[in-house]
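*Asks:* My numbering numbers the first residue of the sequence shown as 2 and each following residue consecutively. In this text, a Cβ means the ideal position worked out from N, Cα and C, and glycines have one as well.
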Amino acid sequence: MSQITNQKSKLLARLQEKIPDQKVGLVPGDAFFTRKIDLPEGIPEADRMAFIQLNLEGNSPFPMEQLAWGFLEHPQAGFAYAYASPKARLKRLEIDQLEKYHQLFPGFITLYGDPVDQRTVRFVSQCGVLSALFLVPGHPVPEKIVSRRIAGELLTDDIQLEARQMLLAGLQTEDFKPEDGIWLGEGVDILASGALAFRHRHVNKGESMGLKLHELNLNEHTLWNSDLRDEGYAAKEGQVRQRSKLIWKSLQFAGWTAILLVILQLLTLGLSGFNLLREKKINQLEPDAVRVENKITLATRLTQSTEEDIKPFLLMESINPLRPNSIYFDKVRSSAFNELEIEGKSTDGVTPVNAFSDSISQLPFVSSVENNSQTRNNQTSFELVITFSAMPPAPEGGFVLPEESSAEETETGNPDGNS
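(1) Would you grab the beta carbon distance between T1 and F199 for me? Rounded to a whole angstrom, and I think it's under 8 Å.
(2) In whole angstroms, what separates the C-alpha of L105 from that of L91?
(3) Are V147 and L172 close, meaning C-beta to C-beta below 8 Å?
(4) Label F330 either buried or exposed according to how many other C-beta atoms from any shown protein chain fall within 10 Å of its C-beta, with 16 as the threshold for buried.
(5) Within 8 Å, do at least three Cβ pairs link the stretch 111 to 122 to the stretch 39 to 55?
(6) Report the rounded CA-to-CA distance for I53 versus A81, giving the unit in angstroms.
(7) So, for M2: in the same chain, excluding its five sequence neighbours on each side, which residues have a beta-carbon less than 8 Å away from its beta-carbon?
(8) Quick one: what's A198 bridged to in DSSP?
(9) Report buried or exposed for P396, applying the criterion of at least 16 other Cβ atoms within 10 angstroms of its Cβ.
(10) Throw me the rounded Cβ distance for the L385 and N372 pair, which I believe falls under 8 Å.
(11) Can you tell me whether W257 is buried or exposed, with buried defined as 16 or more other CB within 10 angstroms of its CB?
(12) How about the stretch 202 to 218 and the stretch 148 to 163: do they share at least three Cβ pairs that are nearer than 8 Å?
(13) As a quick exercise: from L217, D231, G211, G345, pick the residue whose alpha carbon is nearest that of A85.
(14) Report the three-state DSSP secondary structure of I151 (helix, strand or coil).
(15) Would you check if the distance between the CB atom of P288 and the CB atom of I328 is smaller than 8 Å?
(16) Looking at the structure shown, is V28 part of a helix, part of a strand, or coil, going by DSSP?
(17) 8 Å is my cut-off, CB to CB: does K237 come that close to chain B?
(18) Whose C-beta lies closer than 7 Å to the C-beta of I361 among residues of the same chain, with five residues either side of it excluded?
(19) Quick one, which of L73, P393, L316 has its alpha-carbon nearest R334's?
(20) In its own chain, which residues sit with a C-beta less than 6 Å from the C-beta of P393, not counting the 5 before and 5 after it?
(21) Roughly how many angstroms separate the alpha carbons of L156 and Q240, rounded to a whole number?
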C-alpha cells in the first residue's frame, strides 16, 4: 500500500513540475519613479507607445534597457501615466527572473478601473507600501501617485491607518477630496477567462468591511502596456497565451462533446430498455386483444345480419307509396344493405316507369336510381336498381312481413304492388 502511495506522490510531483505556476507579481509602489505624460491631440494609437517611451527616456537617469517600465492610458484621459524602476532595484527586492510571473505590476494598480464620482484621493496598501492615487471622474487613469513605505514589521490595521494620516498630512490635495479609510490588498485570483481579480479589504477608524473582489479593467492590449516587461516579451507571451486559449477551448469542446455522447448513449440504453418493457407488455396483452377484437367482429356481423334481414322490406315500403297503379312488381331483391333491385311491368308504357324513377330519386335518403326499361309487343318491362344514402324511416304502425317471402327475394303478381 505504501508503494502505491509513493508512486502517486511522485506522479503528482512530476505533473506539478510540468504545469507552470501562474503567479502575479506586485512590486512595491515606492520602487518607481512616475511621470504624467500629456499626449498630443489626434496621435495615432500605434505611435503612443513610442511617444511615451521617448518622453520617459528623456527624463530618466537610466537607459531604457536597464528599466522595467509600463504605463496606464485611456482614450478619454488625454494623457498617460508612466512608471519605471531600475531592474537592479527589483533584484534587491528579490524580484528577479521576470519571465516566471504571469503578470508583473506595480502594487498601486490593483484597484485600477474602480470608478469615482468626484475628484478623489484614494489610499491603497500593497506590499507594505501605502499609495495615494489622485483620481478624477470619467476615466480610470490617475493624475498623480504618491507612495510611502509603512514603518514597522507588523502592519496592523491601526498602524496602516496612522500611516494614511501621516501621508495625507504631507499631500497637497487642492480640490481633491480624500476618501475615507484605506484599501488593504489581500491577494489576487486568476479567473478561468484569464482575467485578474484582486481582493481588498476596506478599513476605516477601526471598522473593517468584508473582502471586495475587483476585476482589473484592462483589455489584452492595455494589460501588456501596464506590465513591467518589455514589448518583445509581451508579443511572444501574447502569442503563447492565444494558442493556450485555443487549445483549452478545443479541450472544453471535446469534453462537452464526450459528455453529450455519454448522455445520448445512456438515453439510448434507457429507451431500449423501455421499448423491451413495452414489447413484453404488448405480448402479454395480445391474446386478450385478439379475443376482444374477435368478439367485436362477431357482434358487428350479427348486427349487420340482423339489420339486413329486415332492410329489404323497409326499403321497399319507403318507395311503394310513389308507385303508380299502372306499375306492378314481379321481383324485389336486396344484394346489399343499401341497395334494392326491382323487376316489374307497366300497363301504360314507359312513361309511368320514368316518372316513378324520377320520384324515387327525389327522396332525401336515396342517392341514385338506375332505370333499365324496354317495350316489346306493346308490353313494357323494367329493372330499377336503387341505392340508398341512409336508412328510410319506418312506416307508421310498422309493416307486416308476407307469409311466403324472404329478406333476399319476394315475388308478387298483384298489379297493385302491395308486397
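*Replies:* Quick answer:
(1) One cannot answer for residue 1 here, as it falls past the ends of the chain, which runs 2 to 420.
(2) For the purposes of this step, residue 105 is taken as residue 104 along the sequence shown, with counting starting at 1. For the purposes of this step, residue 91 is taken as residue 90 along the sequence shown, with counting starting at 1. Cα to Cα, the separation comes out at about 11 Å.
(3) Mapped onto the sequence shown, residue 147 falls at position 146. Mapped onto the sequence shown, residue 172 falls at position 171. For V147 and L172, yes; Cβs fall inside 8 Å.
(4) Within the sequence shown, the letter at position 329 stands for residue 330. Classification of F330: buried, given that the 10 Å Cβ count is 16 or more.
(5) no
(6) Working through the sequence shown from its first residue, we reach residue 53 at position 52. Working through the sequence shown from its first residue, we reach residue 81 at position 80. So the two alpha carbons sit approximately 8 Å from each other.
(7) As a first step, residue 2 must be located in the sequence shown, where it is residue number 1. Unreliable placement is indicated for M2, whose pLDDT of 49 sits below 50; the coordinate value is still reported in the next sentence. Counting only Cβ-Cβ distances below 8 Å, and skipping sequence neighbours, we find nothing.
(8) One-based indexing of the sequence shown puts residue 198 at position 197. D190, E216.
(9) Residue mapping note: residue 396 aligns to position 395 of the sequence shown, counting from 1. So P396 counts as exposed.
(10) Reading the sequence shown from its first residue, position 384 is the one you call residue 385. Reading the sequence shown from its first residue, position 371 is the one you call residue 372. L385 to N372, Cβ: 6 Å. Contact.
(11) The residue you call residue 257 lines up with position 256 of the sequence shown. Exposed is the call here.
(12) yes
(13) One-based indexing of the sequence shown puts residue 85 at position 84. When each option's Cα is compared against that of A85, the closest is D231.
(14) As a working note, residue 151 is residue 150 in the sequence shown. Reduced to three states, the DSSP call for I151 is coil.
(15) As a working note, residue 288 is residue 287 in the sequence shown. As a working note, residue 328 is residue 327 in the sequence shown. No, they are not a contact pair.
(16) The residue given as residue 28 occupies position 27 in the sequence shown. Strand.
(17) As a matter of chain content, chain B is missing from the structure shown, which is built from one protein chain.
(18) Working through the sequence shown from its first residue, we reach residue 361 at position 360. Closer than 7 Å at Cβ, skipping near neighbours: I320, L323, V367, V370, I387.
(19) Stepping through the sequence shown from its first residue, residue 334 is reached at position 333. With distances taken between Cα atoms, R334 lies closest to L316.
(20) Against the sequence shown, residue 393 aligns to sequence position 392. The residues are S319, F366.
(21) Reading the sequence shown from its first residue, position 155 is the one you call residue 156. Reading the sequence shown from its first residue, position 239 is the one you call residue 240. Their backbone Cα atoms lie some 40 Å apart in a straight line.
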